[in-house]
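Student: Got a structure for you, written out below as structure tokens; questions coming shortly.
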Amino acid sequence: MTITREAVEAFLFHEADLLDDMDVEAWLALWAPECCYWVPCNGRDDSTDPQRQVSIIYDDRARLEDRIYRLMSSAAHSQRPRSRMRRVVGNIRYQVREGEVHTRSNFLLAELRRGRQEIWSGVSQHRLLPASDGFQIRAKTVLLTQSDEAIDNLTFLL
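The sequence shown maps to residues 73 to 230 in the numbering used here.
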């Protein structure tokens with residue numbers, strides 16, 4: 073696979089579309105078997121240690137699969153009705169390092185649920201593994217702008 077800006081951007085836009093459309097099974101299929109999905113708490117960068125500090129989310133593959141199962145089950149009352157979401161991904165930068173594609177992009181996410189709109193923003197960092205049909209996500213870190221504020225209902229995927 074040839075790694076180009078267009079391929080990297082297309083992958084990140086595709087991931088955003090899957091999340092906005094709540095196609096979580098297809099989104100989960102983007103992830104490598106050994107992976108990490110991390111949303112640090114009270115951090116504006118990725119220098120915190122998730123083993124020693126509180127995280128909003130810190131999932132390996134098994135925990136990510138459990139999260140998807142719960143989200144899609146009828147027991148996920150915090151997502152009844154489901155949030156309607158649309159996100160904009162921009163300012164995408166990437167580097168190829170040691171066989172991985174490291175990305176950094178900004179996002180704005182509008183969430184509407186029960187007549188209330190929330191705006192989420194931050195930086196997403198991906199470590200992507202090139203594959204024959206695109207990329208697999210090895211790691212994703214989401215640095216929320218509001219990670220040090222009270223968060224009411226973050227039961228959807230960023």
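All C-beta atoms in this analysis are idealised placements derived from N, C-alpha and C, irrespective of residue type, glycine included.
How about the region 192-201 and the region 92-99: do they share at least three Cβ pairs that are nearer than 8 Å?
Tutor: Output reads no: the region 92-99 does not touch the region 192-201.
Student: Going by DSSP, name the residue or residues bridged to His174.
Tutor: Walking along the sequence shown from the start, residue 174 turns up at place 102. His174 pairs with Gln167, Arg199.
Student: Just confirm the distance between the C-beta atoms of Leu102 and Ile209, as a whole number of angstroms; I'd bet it's less than 8 Å.
Tutor: Counting from one through the sequence shown, the residue named residue 102 turns up at place 30. Counting from one through the sequence shown, the residue named residue 209 turns up at place 137. Correct: roughly 5 Å between the Cβ atoms.
Student: Label Ala88 either buried or exposed according to how many other C-beta atoms from any shown protein chain fall within 10 Å of its C-beta, with 16 as the threshold for buried.
Tutor: As a first step, residue 88 must be located in the sequence shown, where it is residue number 16. By the 10 Å Cβ count, Ala88 comes out buried.
Student: To the nearest angstrom, how far is the alpha carbon of Ala182 from that of Met73?
Tutor: By 1-based counting over the sequence shown, the position of residue 182 is 110. By 1-based counting over the sequence shown, the position of residue 73 is 1. So the two alpha carbons sit approximately 34 Å from each other.
Student: From the DSSP output, in three-state form, read off Ile75 for me.
Tutor: Along the sequence shown, read from residue 1 onward, the residue named residue 75 stands at position 3. Ile75: coil per DSSP, three-state reduction.
Student: Decide if Arg159 is buried, meaning its Cβ has at least 16 other Cβ atoms within 10 Å, or exposed.
Tutor: On the sequence shown, residue 159 is found 87 positions in, with the first residue counted as 1. Buried.
Student: Can you give me the start and stop residues for the alpha helix (DSSP H) that Asp138 sits inside?
Tutor: For the purposes of this step, residue 138 is taken as residue 66 along the sequence shown, with counting starting at 1. It spans 133-144 - the alpha helix (DSSP H) in which Asp138 sits, taken as one unbroken run.
Student: Nearest-angstrom Cα distance between Arg165 and Thr175?
Tutor: Here residue 165 refers to the residue found at position 93 when the sequence shown is read from its first residue. Here residue 175 refers to the residue found at position 103 when the sequence shown is read from its first residue. Using only the alpha carbons, I get a separation of about 6 Å.
Student: Let me make sure I understand the geometry here. Which of Ala211, Val80, Ala203 has the alpha-carbon closest to that of Cys108?
Tutor: One-based indexing of the sequence shown puts residue 108 at position 36. Ranking the options by Cα distance to Cys108, first place goes to Ala211.
Student: Can you tell which of Glu78, Thr120, Val111 has the C-alpha that lies nearest to the C-alpha of Gln218?
Tutor: Position 146 of the sequence shown, counted from the first residue, corresponds to residue 218. Taking only the C-alpha atoms, the option nearest Gln218 is Val111.
Student: Figure out for me which residue from Gly171, Ser193, Glu172, Val168 has the closest Cα to the Cα of Asn178.
Tutor: Along the sequence shown, read from residue 1 onward, the residue named residue 178 stands at position 106. With distances taken between Cα atoms, Asn178 lies closest to Ser193.
Student: Label Arg185 either buried or exposed according to how many other C-beta atoms from any shown protein chain fall within 10 Å of its C-beta, with 16 as the threshold for buried.
Tutor: As a working note, residue 185 is residue 113 in the sequence shown. Burial call: buried.
Student: Where does Ala182 fall in DSSP's three states?
Tutor: One-based indexing of the sequence shown puts residue 182 at position 110. Note: Ala182 maps to strand in three-state DSSP.
Student: Once you ignore the five residues that flank Glu190 on each side, which residues in its own chain have a CB closer than 7 Å to its CB?
Tutor: Residue numbering aside, residue 190 sits at position 118 when the sequence shown is read from its first letter. The residues are Glu183.
Student: In this structure, how does DSSP classify Leu100 when only helix, strand and coil are distinguished?
Tutor: Locating residue 100 in the sequence shown gives position 28, counting from the first residue. It is helical.
Student: With DSSP run on the structure shown, which of helix, strand or coil describes Val80?
Tutor: Stepping through the sequence shown from its first residue, residue 80 is reached at position 8. Note: Val80 maps to helix in three-state DSSP.
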